[in-house]
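One structure is given below, encoded as structure tokens.
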């Protein structure tokens, strides 16, 4: 097993967790809206993807964007970096990073469910057990309204986090198709982030707040972490088997708990139920993706 690939997968999980906690701080006082935070994240991701793509070009890498995959890359950008990330940040702003991440991590259950329902596939014992743990963990987190949010905020935050999970799962399918057709995950990411940036700029033109988000240290830190996580994730898939890399990245709810307990206690209260739910979702996600 490639140790560098394993380290990159765990680094991805840590950076996703760091992103969520930073964005929680940025949006906590309504100083930065989820739309503006998403726009900054798309801009930062575009810069990082551009640098990585230019590095590949200088190394003599050939791309095939014009031969196919362009539509899929745009679709992936709209679903993952556009709609999905916006819903994720919105959920974080309403119910907190530790709770939103535990719910959003249920995206790993969606693909197997679609295969079972539509394709008639027979799920393995590992998938069934992992799926049950994910469902139990999400239910545990969703039903505990102890995070300081009002009833309406809690409902909206849970719904946004579930929507993010659905959007991430659907977008990942298009991203995989685009990566194969284009021949470069970095160019795919560049096209996808350009798509999401266009979407977010249109939204911020109506809602405002982009300049304020660009001047917010937490929004910038979260955006940088999110962009670097994308690069590490693709790198981990290149250096380590998918069966190893993907389950390791799904440990990010646990990293979120640790970061929150260590540095954001005043901002977000983590109770025992949230911790149990996050652990259940993490273990279940690892089981499903490793099956």
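In my numbering, the protein residues as written are -16 to 274. No residue lacks a Cβ here, since even glycine has one placed at the ideal position from N, Cα and C.
message: Just verifying my parser: in three-state terms, what is the DSSP assignment at residue 248?
response: coil
task: Report the rounded CA-to-CA distance for residue 234 versus residue 45, giving the unit in angstroms.
output: 34 Å
query: Is the segment 20 to 34 touching the segment 193 to 209 in the sense that three or more CB pairs, one from each, lie closer than 8 Å?
result: yes
message: Using the Cβ count rule (16 or more neighbours within 10 Å means buried), how would you classify residue 135?
response: exposed
query: How about residue 85 and residue 212: do their beta carbons lie closer than 7 Å?
result: no
field: Endpoints, the alpha helix (DSSP H) within which residue -7 is located
entry: -14 to 11
- request: Give a yes or no on whether 7 Å exceeds the smallest Cβ distance from residue 74 to chain D.
  value: Absent from the structure: chain D. Only one protein chain is present.
Cβ-based neighbour list, residue -16, same chain, cut-off 6 Å, excluding 5 preceding and 5 following: The pLDDT assigned to residue -16 is 49, lower than 50, so where the model puts this residue is not dependable, and the model offers no usable value.
field: residue 54, DSSP secondary structure in three states
entry: helix
- prompt: With 16 other CB atoms within 10 Å as the buried threshold, where does residue 124 fall?
  reply: buried
message: For the segment -7 to 1 against the segment 182 to 195, do three or more pairs of beta-carbon atoms, one drawn from each stretch, fall closer than 8 Å, so that the two count as touching?
response: no
field: Buried or exposed (CB count within 10 angstroms, at least 16 for buried), residue 167
entry: buried
query: Would residue -13 be called buried (16 or more neighbouring beta carbons within 10 Å of its own) or exposed?
result: exposed
- prompt: For the alpha helix (DSSP H) that residue 31 lies in, which residues bound it at each end?
  reply: 17 to 41
task: Within 10 angstroms of the Cβ of residue 37, are there 16 or more other Cβ atoms? Answer buried if so, exposed if not.
output: exposed
query: Does DSSP classify residue 81 as helix, strand or coil?
result: helix
field: alpha helix (DSSP H) runs wholly inside the segment 128 to 191, at least 4 long, in chain order
entry: 134 to 165 and 168 to 190
- request: Note down the Cα distance separating residue 106 from residue 271, rounded to an integer number of angstroms.
  value: 10 Å
message: What residue range does the alpha helix (DSSP H) around residue 44 cover?
response: It is not in any alpha helix (DSSP H) - residue 44 carries neither H nor E in the DSSP assignment.
message: Do residue 60 and residue 175 have their beta-carbon atoms positioned less than 7 Å apart in this structure?
response: yes
message: Am I right that residue 4 and residue 242 are in contact with their C-beta atoms under 8 Å? What's the rounded C-beta distance?
response: 5 Å
- request: Output the distance between the C-alpha atoms of residue 117 and residue -8, rounded to the nearest integer angstrom.
  value: 21 Å
field: Whether residue 238 touches residue 0 by CB criterion (7 Å)
entry: yes
query: Of the residues 10, -11 and -10, which one's Cα is nearest the Cα of residue 251?
result: 10
field: Pick from 156, 82 and 165 that is closest to residue 140, judged by C-alpha positions
entry: 82
query: Under 7 Å, do residue 147 and residue 70 count as touching if we go by C-beta distance?
result: yes
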